[in-house]
Amino acid sequence: MIPLVGSIEELEQQVKLVRSVMQDVINKRGKSFEYKVGTMIEVPRGALQAGRLAEVAEFFSFGTNDLTQMTFGISRDDAQAKFLSYYVKHGVLEKDPFETLDQEGVGELVRLAVERGRATRPKIELGICGEHGGDPQSIEFFERVGLKYVSCSPMRVMIARLAAAQAALKLKKSSPVPGA
144 MIPLVGSIEE LEQQVKLVRS VMQDVINKRG KSFEYKVGTM IEVPRGALQA
194 GRLAEVAEFF SFGTNDLTQM TFGISRDDAQ AKFLSYYVKH GVLEKDPFET
244 LDQEGVGELV RLAVERGRAT RPKIELGICG EHGGDPQSIE FFERVGLKYV
294 SCSPMRVMIA RLAAAQAALK LKKSSPVPGA
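Numbering of the sequence shown is given in our numbering, commencing with residue 144 and proceeding in unit increments.
Structure representation (structure tokens):
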């Protein structure tokens, strides 16, 4: 997985390097194996360029912690220590965007990247890694836009599994039944 990618040229260069190193390893070990090369979508430019990135990437993993920082232009640690609680308390923000995904800003970048990535590579694997992967409200959004996996800290795994199951059931109930 290649992190912090913002352009197709950057991704192409890194994928070429990964494949070269992997071929060396395969040649030295005398065994081949399947692997996929993909990218983290953690910078806004990467989300906007997702259609091009999907020409090369076999999967996207949305790094929502960094994507949130870069979209808001704030440091997570500084913001949480200094002013985010004030913003939430006074209605500037509904919730801490590092705990529950900002669906109107960061979420829109995720939705757009999913749409553009799938337009180029319809079967691209899509998921999320970061603390949002353990937040039920965020997981419901990820289910709606078509992400297929979440990754989160170990203490949030059980919550994430339950939230993912609930989101899938909710989406299934709200989707029209074919032939009905």
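Glycine is no exception: its CB is placed at the ideal position from the N, C-alpha and C atoms.
Since the model is a prediction, treat every value here as computed from it, not as a measurement.
Between S175 and I169, the beta carbon gap of about 5 angstroms places them in contact (Cβ cut-off 8 angstroms).
M213 sits close to V186, with the two beta carbons spaced by under 9 angstroms. DSSP places I184 inside the beta strand (DSSP E), whose first and last residues are T182 to I184.
Going by beta carbons, T207 and S281 fall inside the 9 angstroms limit. Distance from the CA of V249 to the CA of E177, rounded to the nearest whole angstrom, comes to 33 angstroms. Judged by DSSP secondary structure, I151 falls outside any beta strand (DSSP E) and instead within the alpha helix (DSSP H) spanning I151 to R172.
With a cut-off of 8 angstroms on Cβ pairs, the region 145-153 is in contact with the region 187-199, counting three or more such pairs.
Boundaries cannot be given for E201, as no beta strand (DSSP E) includes it and DSSP labels it neither H nor E. The Cβ-Cβ distance between E258 and R299 does not fall below 9 angstroms. Counting along the chain, the unbroken alpha helix (DSSP H) around L305 starts and ends at V300 to S317. The beta carbons of F285 and V253 sit closer together than 9 angstroms.
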